[in-house]
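Before any comments, here is the structure.
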Amino acid sequence: KTCPICLGSLRRGQGVAIFTAECSHSFHFCCIAANVQHGNRICPICRCEWKDVPFQAPGSVIDARRNNMARARVSPFNAAPEDASAPGARRNVPTTFQLPAEPEQFTDDEQLSVNSIGPASPSRAQALAVKAFPEFGAVAAAECPPKFAVLLRVCAPSLPNDADRAPIDLVTVLDVSGSMSSKLPLLKRAVHFIIQNLGSADRLSIVIFSSVARRIFPLQRMTDSGRENAIRAINTLSSNGGTNIVEGLKKGARVLEERRERSPVASIILLSDGQDTHNVLRNSYTQDEASSIPSNELAYLNLLPSSICLSKREAGQPTFPVHTFGFGLEHDSEAMHAIADASGGTFSFIETLSILQDAFARCIGGLLSVVSQDVKLTIRSKSAGVRIGSIPSGRYNSEVLDEGQQAVIDIGNLYADEEKEFMVYLSIPVSSAEGEQRPECTALLDVFCTHKDSASMEIHQVEGEKVEIRRPEVLSTADKKVNLQVDRQRSRLLVAETIADAQRMAEVGDLESAQALLAERRSGLLSSAAAQAGDVLCNWLEAELREIRERMASMDLYERTGRAYLLSGLSSHSWQRATTRGDTTQILATNGDRGHSGSIDSTRSYETPWMTTMVTRSQTLNFTSGEQQSQANK
Numbered sequence: 001k002t003c004p005i006c007l008g009s010l011r012r013g014q015g016v017a018i019f020t021a022e023c024s025h026s027f028h029f030c031c032i033a034a035n036v037q038h039g040n041r042i043c044p045i046c047r048c049e050w051k052d053v054p055f056q057a058p059g060s061v062i063d064a065r066r067n068n069m070a071r072a073r074v075s076p077f078n079a080a081p082e083d084a085s086a087p088g089a090r091r092n093v094p095t096t097f098q099l100p101a102e103p104e105q106f107t108d109d110e111q112l113s114v115n116s117i118g119p120a121s122p123s124r125a126q127a128l129a130v131k132a133f134p135e136f137g138a139v140a141a142a143e144c145p146p147k148f149a150v151l152l153r154v155c156a157p158s159l160p161n162d163a164d165r166a167p168i169d170l171v172t173v174l175d176v177s178g179s180m181s182s183k184l185p186l187l188k189r190a191v192h193f194i195i196q197n198l199g200s201a202d203r204l205s206i207v208i209f210s211s212v213a214r215r216i217f218p219l220q221r222m223t224d225s226g227r228e229n230a231i232r233a234i235n236t237l238s239s240n241g242g243t244n245i246v247e248g249l250k251k252g253a254r255v256l257e258e259r260r261e262r263s264p265v266a267s268i269i270l271l272s273d274g275q276d277t278h279n280v281l282r283n284s285y286t287q288d289e290a291s292s293i294p295s296n297e298l299a300y301l302n303l304l305p306s307s308i309c310l311s312k313r314e315a316g317q318p319t320f321p322v323h324t325f326g327f328g329l330e331h332d333s334e335a336m337h338a339i340a341d342a343s344g345g346t347f348s349f350i351e352t353l354s355i356l357q358d359a360f361a362r363c364i365g366g367l368l369s370v371v372s373q374d375v376k377l378t379i380r381s382k383s384a385g386v387r388i389g390s391i392p393s394g395r396y397n398s399e400v401l402d403e404g405q406q407a408v409i410d411i412g413n414l415y416a417d418e419e420k421e422f423m424v425y426l427s428i429p430v431s432s433a434e435g436e437q438r439p440e441c442t443a444l445l446d447v448f449c450t451h452k453d454s455a456s457m458e459i460h461q462v463e464g465e466k467v468e469i470r471r472p473e474v475l476s477t478a479d480k481k482v483n484l485q486v487d488r489q490r491s492r493l494l495v496a497e498t499i500a501d502a503q504r505m506a507e508v509g510d511l512e513s514a515q516a517l518l519a520e521r522r523s524g525l526l527s528s529a530a531a532q533a534g535d536v537l538c539n540w541l542e543a544e545l546r547e548i549r550e551r552m553a554s555m556d557l558y559e560r561t562g563r564a565y566l567l568s569g570l571s572s573h574s575w576q577r578a579t580t581r582g583d584t585t586q587i588l589a590t591n592g593d594r595g596h597s598g599s600i601d602s603t604r605s606y607e608t609p610w611m612t613t614m615v616t617r618s619q620t621l622n623f624t625s626g627e628q629q630s631q632a633n634k
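Mapping the sequence shown onto full-length UniProt numbering, position 552 (from 1) lands on 552, and the numbers just tick up by one.
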């Protein structure tokens, strides 16, 4: 039996008052009283409206209220008092949690664990791998294709042991504006899940914002005492005021910029359910002008610090990805997508309250499994006349150099077991030599990858597979068959391009053309060689196109859910990284079936084993809590 708000024990006889609502759900009295104190009369579990609500006398909160402006929306007296006899409780802990004063500079981060960085474990002996797949195994000697495709796949090593991973510095930036009132209990529960799943070498800081922003918890290691303090800080949250996303992000970035010590991995999680009410987020454009302006060029990105805006960073400056979560139907999906896109993070669309914890779980499953950093793929022409033409690399920076003789793709961080695929288009010359002088094969590319092991900080270089094709005079039937790995990647790129085009049409109200474009791409996808062979990724892509088309049934539906769903999908494709979108995070079988609420789970094409494990852990916790609650109500 656990309290759905603080996850603490609900066992009777431990000196903690328990409130059972008319809907039969139970909570710690102090937890639910703090919730009701701010005007929330809705059950956090079943959403029914209560007629009878708990009331807690204000006691000594008058002094705290005098300082309300300085403390934003937080009252340190909302936290549940801890019973020293309860399991796991610390002795001599005060029954109230006083938030520390915010320093001028955030140099108060806790010292790193002594063993946070060390030599790579033997279990990490598996190296990063680079594989290559030419579009065809052979090209006729007399032919000179101008756009021959080679697929390069970078595969990160596994991470079998949690002790081998790199520690992380994580900052959560949380919206506690007035519109979050009814959502705070589930937000607290979701952040509790993050806290409980960070290791003792990981550090966490908490920033909240409404009309103003405040750091309520410094960067501390998640030891037993650190977790306890973090949970108490989260339990103090209350909601009011407007929404100042920019100030929240500035403060979150400062925590990482000003820390004295640095863990190998650092990231920011941003959650908001509304529009920024304190900043001009967009320049004044006509509707036609706005449709041609990418979301990452919205005006307010100029307000963000360079540490979370890749286009503004200076040489050698560390940057931090911001993984954004748009909560509910009223959030600014364009803003959240643009912030994530500009910083190197992902955007997730949380359509319903119940999946917030699962969405956080998927995100931290990746962040806690970073195995390689500063990953860079270098590609060189191997034969005279072979030229690199283009590399559609999504949001990853790529550059073709020396008139097509060389190219570089900057990949950044890789999660355990994560794969990144890049299509390289080449021009191939005629095999001009005749008779016995003519070579049987043409070497196309040399490929190698450099990266830094995130645990040991050692630099490694990995040689890729040899990339060559045969050059017969006449092609056989087998020679004319396209490589299915290349075909499926081409389909993914075309689908992502189509989704972006459909979004531009939808933004100017041309839903009919957008739907027609999506339907046309779906037909082309289904007729592709990979789809005809039953490729699972093609099944996911087809379901995604169908789902987006359905969410464009009307302008009202598109503005309520379609835009956010679409942008989250584009974020996922651009970074080849899983996001949560829609109203379900159900772990589905690989047949692309729909989830329980009619929404597809299209995250699985990029989901890593660590993500799956963390989401399963979240869902198991939710199921167990539900079962315990049901048993308590019998």
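Backbone N, C-alpha and C fix where the C-beta goes; we use that ideal spot for every residue, glycine too.
Buried/exposed call for residue i, threshold 16 Cβ in 10 Å
{"i": "PHE217", "result": "buried"}
{"i": "SER343", "result": "buried"}
{"i": "ASN161", "result": "exposed"}
{"i": "ASN591", "result": "A caution first: ASN591 carries a pLDDT of 33, below 50, which makes its placement in the model too unreliable to give a value."}
{"i": "ASP202", "result": "buried"}
{"i": "residue 635", "result": "One cannot answer for residue 635 here, as it falls past the ends of the chain, which runs 1 to 634."}
{"i": "PRO185", "result": "buried"}
{"i": "GLN105", "result": "exposed"}
{"i": "HIS447", "result": "According to the sequence shown, residue 447 is Val rather than His. Label assigned to VAL447: buried."}
{"i": "ARG41", "result": "exposed"}
{"i": "ILE391", "result": "buried"}
{"i": "GLY562", "result": "buried"}
{"i": "LYS147", "result": "exposed"}
{"i": "GLY365", "result": "buried"}
{"i": "SER333", "result": "buried"}
{"i": "ALA384", "result": "exposed"}
{"i": "MET555", "result": "exposed"}
{"i": "GLY345", "result": "buried"}
{"i": "GLN98", "result": "exposed"}
{"i": "ILE459", "result": "exposed"}
{"i": "residue 640", "result": "In the structure as shown, the chain starts at 1 and stops at 634, and residue 640 therefore has no counterpart that could be examined."}
{"i": "ILE234", "result": "buried"}
{"i": "SER311", "result": "exposed"}
{"i": "ALA328", "result": "Looking at the sequence itself, residue 328 is Gly, so the reference to Ala does not match. It is buried - the Cβ of GLY328 has at least 16 other Cβ atoms within 10 Å."}
{"i": "LEU621", "result": "buried"}
{"i": "SER263", "result": "buried"}
Beta-ladder partner(s) of residue i, from DSSP
{"i": "VAL408", "result": "THR378, GLU399"}
{"i": "ASP273", "result": "For ASP273, which the question treats as bridged, DSSP gives no partner whatsoever."}
{"i": "PRO134", "result": "VAL150"}
{"i": "LEU414", "result": "SER372"}
{"i": "LEU445", "result": "SER381, VAL467"}
{"i": "ASP224", "result": "ASP224 pairs with nothing; no bridge assigned."}
{"i": "MET423", "result": "LEU151"}
{"i": "VAL114", "result": "DSSP output for VAL114 lists no bridge partner at all."}
{"i": "ASP169", "result": "ARG203, ALA266"}
{"i": "ILE129", "result": "The residue you asked about is not Ile; residue 129 is Ala in the sequence shown. ALA129 is bridged to CYS155."}
{"i": "SER26", "result": "THR20"}
Supposed close pair residue i, residue j - CB separation, criterion 8 angstroms
{"i": "residue 658", "j": "PRO429", "result": "Because the chain here runs from 1 to 634, residue 658 falls outside it and cannot be looked at."}
{"i": "ARG560", "j": "SER568", "result": "Rounded, the Cβ-Cβ distance is 14 angstroms, inconsistent with contact."}
{"i": "LEU445", "j": "VAL462", "result": "Contact flag wrong, Cβ pair sits at about 15 angstroms."}
{"i": "CYS3", "j": "HIS28", "result": "5 angstroms"}
{"i": "PRO318", "j": "SER306", "result": "In fact, because the Cβ distance is near 10 angstroms, the residues do not count as touching under 8 angstroms."}
{"i": "THR107", "j": "PHE347", "result": "About 31 angstroms separates the two Cβ atoms, so there is no contact after all."}
{"i": "ASP276", "j": "THR324", "result": "With a Cβ gap of about 12 angstroms, ASP276 and THR324 do not count as contacting."}
{"i": "SER398", "j": "ILE388", "result": "Going by Cβ atoms, the distance from SER398 to ILE388 rounds to 10 angstroms, so no, they are not a contact pair."}
{"i": "ALA129", "j": "ARG471", "result": "Their Cβ separation, rounded to whole angstroms, is 28 angstroms, which puts ALA129 and ARG471 out of contact at 8 angstroms."}
{"i": "THR223", "j": "SER238", "result": "Their Cβ separation, rounded to whole angstroms, is 27 angstroms, which puts THR223 and SER238 out of contact at 8 angstroms."}
beta-carbon residue i near the ligand FMN non-hydrogen atom, thresh 8 angstroms
{"i": "PRO472", "result": "The model on display carries no ligand, and the ligand FMN is accordingly not part of it."}
Is the stretch 543-551 touching the stretch 505-522, taking contact as three or more C-beta pairs under 8 angstroms? yes
Pairs of beta-carbons, one from the stretch 528-535 and one from the stretch 476-491, closer than 8 angstroms: are there three or more? yes
Kindly provide the ranges of any beta strand (DSSP E) runs that are 3 or more residues long and lie completely inside the stretch 319-354, ordered along the chain. 322-327, 347-350
Validate contact between the stretch 136-156 and the stretch 246-255 using beta carbons, cut 8 angstroms, 3 pairs: no
Are the stretch 475-484 and the stretch 135-149 touching, with three or more C-beta to C-beta distances below 8 angstroms? yes
Three CB pairs or more closer than 8 angstroms across the stretch 170-186 and the stretch 412-427: no
Segment contact, 8 angstroms Cβ cut-off, at least three pairs: the stretch 164-173 with the stretch 266-282: yes
Continuous beta strand (DSSP E) assignments of at least 3 residues falling wholly in the stretch 200-253: 203-209, 213-221
I'd like to know if the stretch 362-376 and the stretch 451-461 are in contact, where contact means that at least 3 CB-CB pairs between them fall below 8 angstroms. yes
Counting only runs that start and end within the stretch 457-521, where is the alpha helix (DSSP H) found for 4 or more residues in a row? 484-507
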